[in-house]
Amino acid sequence: MSDKAAPSTETRTTSLSNLPPHQGGAEALARLLARALFAGRWRPGDDFPKEMDLCHHFAVSRNQVRNALASLTATGLIERTAGRGSVVRMVDDWHLLDPLVSDWMTGIESLDASLIREIYAFRYSAEPVVARLAADAAEPADLDRLEAAYQGMCATADKPAARDLHAEHDVAFHDAIYRASHNLVWRQMGHLLRPSIIALIQSSQARVSGEHEGLDDSLARHGRVLEAITRRDGAAAESAAREVLRRTAIDLAIVPTPSHSHPTPEDSP
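For the sequence shown, our numbering begins at 3 and goes up steadily by one.
As structure tokens, then:
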């Protein structure tokens, strides 16, 4: 007889502890598990909880669990192999622009650091180009949306209680840039990126909380984007949009850290 006892259900489901309670069907369960993945509870290459462990932990049927796992598989988050179970796939394989994945990301305040970096690297490369397009194609209604979003940011920047509202105005500003490009693909891309942009803005806000100068600098940078697009200066819009994103890009090691030892005002968030 072996001295090694079989792992208990409690031991096997340790990785499920502290997850929020589940209510609803397979779609809600898939959303709950996906959001835990996005937050880094399981890392790429990790074994994903087994079907029966999920059934016991959430007190749901095996059919519901299988349908939820099928959604995670279809969106590239996990890979299921007969005889082995489920494994978390590499972030490169995740279908981040799938509308379902975008929906799952909505409202997440803490994304996994590696996921934040990948999304931000894309934005740092793409958004300045979109700003240049917006400078060429923006119509009066687009400029009105940009102006309204910017004024909303200004009105809420120094109000800690309005942090969430400030983030909404910030997101609306970036969304307006994508819309102003009047390119169908970029407009759709802006919509799909919205949840991840919200998460990134909230992360940035947490970092500069209480630093009034940091918010002032951010407003100044956004203001330069608005000004460049309004006067239809594509080159200036592209440069200004890159400056909006640059500080966080430095923090995430997407671009090199400046060689000077003391940050200048341009290097604040």
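Even for Gly, the Cβ is constructed at its ideal location relative to N, Cα and C.
- For residue 158, the three-state secondary structure derived from DSSP is helix.
- Looking at the DSSP output, residue 165 shares a beta bridge with no other residue.
- With distances taken between CA atoms, residue 132 lies nearest to 230 out of 154, 28, 249, 230.
- Judged by DSSP secondary structure, residue 88 falls within the beta strand (DSSP E) whose first and last residues are 87-90.
- Counting along the chain, residue 37 sits inside the alpha helix (DSSP H) bounded by residues 28-40.
- When DSSP reads this structure, residue 83 sits in a beta bridge with 87.
- With 16 or more other CB atoms across the displayed protein chains lying within 10 angstroms of its CB, residue 144 is buried.
- When DSSP states are grouped into helix, strand and coil, residue 172 belongs to the helix group.
- Note that the C-beta distance between residue 42 and residue 95 is not below 8 Å.
- Classified as buried, residue 66 has 16 or more neighbouring CB atoms from the shown chains inside 10 Å of its CB.
- Boundaries of the alpha helix (DSSP H) harbouring residue 75: 64-76, taken from the DSSP string.
- DSSP, reduced to helix, strand and coil, places residue 235 outside both helices and strands of the structure shown, so it counts as coil.
- The C-beta of residue 73 has 16 or more other C-beta atoms within 10 Å across all chains shown, which makes the residue buried.
- Taking a cut-off of 8 Å for Cβ pairs, the stretch 149-160 and the stretch 125-139 do not touch, as fewer than three such pairs fall below it.
- Residue 195 sits away from residue 175, with the two beta carbons spaced by 8 Å or more.
- For residue 60, no pairing in a beta bridge is given by DSSP.
- Segment contact: the stretch 28-38 against the stretch 52-71, three or more CB-CB distances shorter than 8 Å; contact assigned.
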